[in-house]
Each structure stands twice: as structure tokens, then as C-alpha cells.
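My numbering puts the first residue of the sequence shown at 10, with every later residue one more than the last. Worksheet: one structure, shown below.
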Amino acid sequence: MKTRITELFGIQHPIIQGGMHYVGYAELAAAVSNAGGLGIITGLTQGTPEKLADEIARCKDMTDKPFGVNLTFLPILNAPDYPGMVRVIIESGVKVVETAGNNPVEYLPALKEAGVKIIHKCTAVRHALKAQTIGCDAASVDGFECGGHPGEDDIPNMILLPRAADELEIPFVASGGMADARSLVASLAMGAEGMNMGTRFLATKEAPVHDNVKQAILQATELDTRLVMRPLRNTERVLNNPAVERLLQKERELGAEIGFADIADEVAGKYPGVMQQGEVDSGAWSCGMVAGLINDIPSCQELIDRIMRDADQLIAQRLEGLRAGTAAI
Ligand SMILES: Cc1cc2nc3c(=O)[nH]c(=O)nc-3n(C[C@H](O)[C@H](O)[C@H](O)COP(=O)(O)O)c2cc1C
């Protein structure tokens, strides 16, 4: 399949693996890229430019296909060494950066001069338009369904994607709630040029996380995520568990008075324990509603091959059959 996204990034299939904290290591990024998609290493998980350089080198040892690096710009005082990470990305010859969070404008000139393509993750059409204005090459439009941070507008992809298609000139991928060929074909119908998946790639053989995490996703239904930190305007969709219940109880009790310190026990520094030690009930961790559509743990190659094969059938048989009036109904 050829779309503006496959052409922009030089990939075979219009499928991207979004950056995921303590998940997006070289093993997963390389597996996705080797399967014809675009794998993404999560920059902040590495913590320093030196470690990011090592991780990029490891990924290059595992694939000769294009892969990217996610840079999530956090609104915090003690910011990580973003300029150093940008330098490492450029020096190592990585050609795609997925930006997320705060406006990445100050890093764009250097990245663009080095020929790096930038795809910015947005949860609102106005943010995607801003990304287009500042010179991003593409957008990843992340609906309310998504695992992680859906923003504060709560617009699901059935509305958000066609709205983005109406407004944007740069190509965009659909993100949030994407799992299979149905997701891909529907996204293409709504004007996207491909899709970005997080939670689905978390439940793959190569995702370098504890099996408890994968089993928790398999067991979860679409009813099992919760939105936390809304009172702090830092809303995150996470898998429900006892720690999340405690956190939500505090949010109800403290109301507008709540501060980050009140919920730090449930959210701060939890990812290593969850992802590496499998302590899935120890705190809040991102997970999308799409968990309800995830019932197996395939390899990335199996997953992407299945999506592309089924998409072909869906378009050529079901949709074409319906159009021509030859489909069995
Ligand atoms: C465990 C987990 C960690 C994530 N960490 C990040 C991150 O560090 N930076 C980022 O931009 N997005 C992060 N995301 C969001 C994903 O990149 C992607 O946009 C999102 O998962 C899409 O929704 P889906 O889970 O329904 O596929 C994370 C998602 C998950 C599930």
C-alpha cells in the first residue's frame, strides 16, 4: 500500500509504532521496522543523550530499515537534555522524529536542516494546524480512545479524523483505538494516510516488557481503562487497578485542591516496576480502550502482515462487494 506517509518515511506499510515510555526500546522499534512499519525508540526512557545514542546504535544493529525517535516535551522545570538528544538524533543519522507534548518549534530548524522528518502527535485539530504552521511534515492525530494522554477535549476519532482531514494539508495518521485491518481501512476512509498504534504493539512478542503487562492487556476489555489526573489538566488514560482506584478516590475527595504530590505514590516513577518487574498493580500505566480488541500476542511481523492482508480483503471483497451489490448480506 502506498500513501503519503509511506512515501514520506520510506516505509512499506502505513503503520507506525508510537513512542512508549519503558516499552519503546530498540528491540520493539527494530521489529516493527523490519516488518515494514515505522518503529520508534522512546527518547526520554533513555534519559541522557549518551544512552539514547547507544540505543540508536543497538537498533541499527537490528535493522537496516528506517526507524524514528520519540521526543516527548514535558512541561517540567527540570527538563531532560532535549538539545543533547536532538544533537544525537542528527549525528546518528535517524531520519524521523515523533514529537509529542509541548510545541517542538525551537528544535525544528536543526532537525529539518539535517533532513529529519517530523511527525507531531496532537489531540486536537487546532494543535495539528499549529504543527503544520511551524513546519512539521506530518501529524499523528490521537483521539480520545488513546492510551496515554488524550488531552482535555474528549473528541473520539470518528469526529477527530474527518475534522483533521477537512483542515490539514500535511498528511496525518490516525492514532488511538487502532488494532487491526478494520482500524486501518476506516482511518483511510476518514482521510488519514495510515495509523499509529501503542497498546496493540505493547502486546507483541518483541515488546521488551514483563509478560504480566501483556497478560493484563489480554484480559482487559474496552471497559477497563480510566482517565486519571484530569483535575491537574494532565489527563492520562490508564488500565484500571487498585492503585488507580485509590488515585481516583483521592481526586474525588480533594477536588480542585489536589496537587501532584497528593497522587505521586500512584503515578511517579512507576514505569520500571510495571514494565520490567511486572508489578502491574503498583501504579497507573497508560493503556488504550483498544485493549478490548486485543486477544493475542503475535510477533510484529505476524501482526503487520495480518493487518495488511485483512485490509486488502476488506477493501477488495467487503467494500467492493457492497459497492457492486455482489456481497452476501
Ligand atoms: C504504555 C504506554 C506508554 C506511552 N508512552 C508515551 C510516551 O512516552 N510518549 C508519547 O508521546 N506517547 C506515549 N504513549 C502514547 C502512544 O505513543 C500512542 O500515541 C497511543 O498509545 C495510541 O493509542 P492506543 O494505545 O489506543 O494505540 C504511550 C502509550 C502507552 C500505551
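Each residue gets a CB set at the ideal place from its N, CA and C atoms; glycine is no exception. All values derive from a computational prediction rather than experimental measurement.
heavy atom of ligand 1 below 7 Å from residue i C-beta
i           : result
residue 201 : no
residue 154 : yes
residue 112 : no
residue 211 : yes
residue 182 : no
residue 129 : no
residue 299 : yes
residue 151 : yes
residue 53  : yes
residue 296 : yes
residue 109 : yes
residue 12  : no
residue 57  : no
residue 30  : yes
residue 94  : no
residue 77  : no
residue 378 : Because residue 378 is not part of the residues shown, which for the chain are 10 to 338, the question remains open.
residue 317 : no
residue 238 : no
residue 81  : yes
residue 205 : yes
residue 187 : yes
residue 208 : yes
residue 157 : yes
residue 287 : no
residue 27  : yes
Supposed contact pair residue j and residue i - C-beta distance, whole angstroms, cut 8 Å
i           : j           : result
residue 50  : residue 68  : 6 Å
residue 121 : residue 144 : 6 Å
residue 291 : residue 278 : Contact flag wrong, Cβ pair sits at about 10 Å.
residue 20  : residue 47  : 5 Å
residue 319 : residue 190 : 3 Å
residue 130 : residue 107 : 6 Å
residue 208 : residue 299 : 5 Å
residue 196 : residue 206 : Not quite, the Cβ-Cβ distance comes to about 11 Å (not below 8 Å), so this is no contact.
Nonlocal neighbours in the same chain, by C-beta distance under 6 Å from residue i, ignoring five residues either side
i           : result
residue 301 : 230 and 231
residue 97  : 58, 61 and 62
residue 223 : 212 and 306
residue 128 : 107, 147 and 149
residue 114 : 143
residue 34  : 217
Cutoff 7 Å; reference residue i; Cβ partners in own chain excluding five residues on either side
i           : result
residue 324 : 194
residue 295 : 156, 157, 245, 246 and 247
residue 74  : 42 and 43
residue 249 : 233, 234 and 235
residue 338 : none
residue 72  : 39, 42 and 43
residue 257 : 235 and 237
residue 37  : 26, 48, 210, 215, 216 and 217
residue 271 : 259 and 263
Contacting residues, own chain, Cβ-Cβ under 8 Å from residue i (five flanking each side not counted)
i           : result
residue 163 : 153
residue 124 : 104
residue 199 : 166, 167, 170, 171, 174 and 183
residue 220 : 287
Note to self: Extract the residue ranges of the alpha helix (DSSP H) inside the stretch 227 to 273, only unbroken runs of 4 or more that lie entirely within it.
What the structure shows: Counting only runs that start and end inside the stretch 227 to 273, the alpha helix (DSSP H) elements of at least 4 residues fall at 251 to 263.
Check: Is the stretch 76 to 87 close to the stretch 136 to 148, with three or more CB pairs under 8 Å?
Finding: no
Next item on the list: Indicate whether the contact test is met: 3 or more Cβ pairs, each with one atom in the stretch 248 to 264 and one in the stretch 231 to 240, closer than 8 Å.
Entry: yes
Next item on the list: Decide if the stretch 298 to 315 is in contact with the stretch 213 to 222; the criterion is three or more beta carbon pairs, one per stretch, under 8 Å apart.
Entry: yes
Item checked: 3-residue-minimum beta strand (DSSP E) runs that sit fully inside the stretch 152 to 213, ordered along the chain -> Look at the stretch 152 to 213 and you find these whole runs of beta strand (DSSP E), each 3 residues long or longer: 181 to 184 and 204 to 206.
Notebook entry, point to check: On the three-pair Cβ rule with 8 Å, is the stretch 170 to 184 touching the stretch 140 to 153?
Noted result: The way I'd put it, the stretch 170 to 184 does touch the stretch 140 to 153; three or more beta-carbon pairs between them come closer than 8 Å.
Next item on the list: Could I get the ranges of all uninterrupted beta strand (DSSP E) runs contained in the stretch 16 to 94, with 3 residues as the minimum, in chain order?
Entry: 24 to 26, 48 to 51 and 76 to 82
Check: Should the stretch 161 to 173 be called in touch with the stretch 284 to 293, which here means at least 3 C-beta pairs below 8 Å?
Finding: no
Margin query: Ignoring anything shorter than 3 residues, give me the beta strand (DSSP E) runs that lie fully in the stretch 94 to 120, in order along the chain.
Written below: 105 to 110
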